[in-house]
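A.B. asks: 11 is the number of the first residue of the sequence shown in the working numbering; add one for each residue after it.
Cβ atoms here follow ideal geometry from the backbone N, Cα and C, with glycine treated the same way.
I have a structure here, written as C-alpha cells, and I will follow up with some questions on it.
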Amino acid sequence: MSIIVAGAPGAGKTTVLNEAKKIDKKIRIHGAWEYILDEAKKQKIKTSHDTIRKLPRETWIQLQERAFEEIKHKSEMPLIDTHLAILSENGYFPGLPENVLKIIQPKLIILLEADPKDILARRKKDKTRQRSDFGGSTKILEQQDINRAYAATCSNKTNALVKIIVNREGKAKEAAKELIETIKSVKNT
Ligand code: ATP
Ligand code: MG
C-alpha cells in the first residue's frame, strides 16, 4: 500500500513534504517524476521534468509503470509526491491509471490545494522550473477541479481515503503538520 500526495503544479507538494521531513526526520519521500526520469535515462530517452509530458503516450505509459514498480519496493507504505492529472497539449491524462493503482494500492490520497492566484504567483516566482501558466488562474482552477475528479475515481477503484489540505500562502509548515497528523491517523486505522 502507499500514500499519495498530489495537487496542481506549483501548489506546493514538494515544499510541504520537505517541511514535513524537517518535523519528522524519519519521513522518506518518493518523487514519482524523479523515478520516471531515471527510467527514461536508463532507456536513453532524452527528456526533463518540464518536457516529459510531451513524450509519445506509449513511451510515457511504460516509463510510468516501471517507475511505480520501482517505488513500490522502496518501503511497506511509500509516500509518493506525484500528479493525478497531467496536462498535455491534447487534454489531461492520468498520473495514476488503473495499472499503476494495482501496483501501488493507495491507502490515502492527500490533495494539496491553494488559492489559484497564489499558485499562479508561485509558478511565476519559482525560477527553478518552467511550469506552463497558460490560461492563468482560471486554468489552475480547472486543474484543481480535475484533480478532485481523478482523486474520486482513484478512491472508488481502491477504497483509498481522500483528504484535501490547503497550503495557504506563507503557511507551508502548517500544511505539513496537518499532513503528518493525517498520515499518522490513517496508518493507525
Ligand atoms: P510541481 O508539481 O510542479 O512539482 P509542487 O506542487 O511540488 O509543484 P513546489 O515546488 O513545492 O510545488 O512549490 C512551488 C513554489 O511555490 C516554490 O517556489 C515554493 O517555494 C512556493 N511555495 C510552496 N508553498 C508555499 C506557501 N505555502 N507559501 C508561499 N510559497 C510557497
Ligand atoms: Mg514538486
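Can you list, in chain order, the residues of its chain with a C-beta nearer than 8 Å to that of E152? Leave out the 5 residues immediately preceding and following it.
C.D. replies: So the list reads G145, once near-sequence residues are dropped.
A.B. asks: Checking 8 Å against the spacing of the C-beta atoms, do Q115 and S12 come in under that value?
C.D. replies: Contact flag set, yes.
A.B. asks: Can you have a look at D91 and say buried or exposed, based on whether 16 or more other CB atoms are within 10 angstroms of its CB?
C.D. replies: Buried.
A.B. asks: Enumerated in chain order, which unbroken segments of the alpha helix (DSSP H) with a length of 4 residues or greater are wholly contained in the region 62 to 117?
C.D. replies: Here the runs fully enclosed are 67 to 82, 108 to 114.
A.B. asks: According to the neighbour-count rule (16 or more other Cβ atoms, all chains shown, within 10 Å of its Cβ), is G22 buried or exposed?
C.D. replies: Answer is buried; the Cβ neighbour count reaches 16.
A.B. asks: If you count every other CB in all the chains shown that lies within 10 Å of the CB of P66, and 16 or more means buried, which is it?
C.D. replies: Under this definition P66 is an exposed residue.
A.B. asks: Using only alpha-carbon positions, find the residue among L121, Y160, V110 that is nearest to L27.
C.D. replies: When each option's Cα is compared against that of L27, the closest is L121.
A.B. asks: If we ignore side chains and look at the alpha-carbon of each, how far apart do I4 and V176 end up?
C.D. replies: One cannot answer for residue 4 here, as it falls past the ends of the chain, which runs 11 to 199.
A.B. asks: So the candidates are N198, H59, K64; which of them puts its Cα closest to the Cα of A42?
C.D. replies: That would be H59, whose Cα lies nearest to the Cα of A42.
A.B. asks: For T69, which residues from the same chain have a beta carbon less than 7 Å from its beta carbon, with the 5 sequence-adjacent residues on both sides left out?
C.D. replies: Correct list, in chain order: I55.
A.B. asks: If you measure between the beta carbons of D136 and G20, is that distance less than 8 Å?
C.D. replies: Against a cut-off of 8 Å, the Cβ pair of G20 and D136 comes out as a contact.
A.B. asks: Please state whether DSSP places A170 in a helix, a strand or coil.
C.D. replies: Note: A170 maps to coil in three-state DSSP.
A.B. asks: So which of K52, I71, H83 has the shortest CA-CA distance to H40?
C.D. replies: Ranking K52, I71, H83 by Cα distance to H40 puts H83 first.
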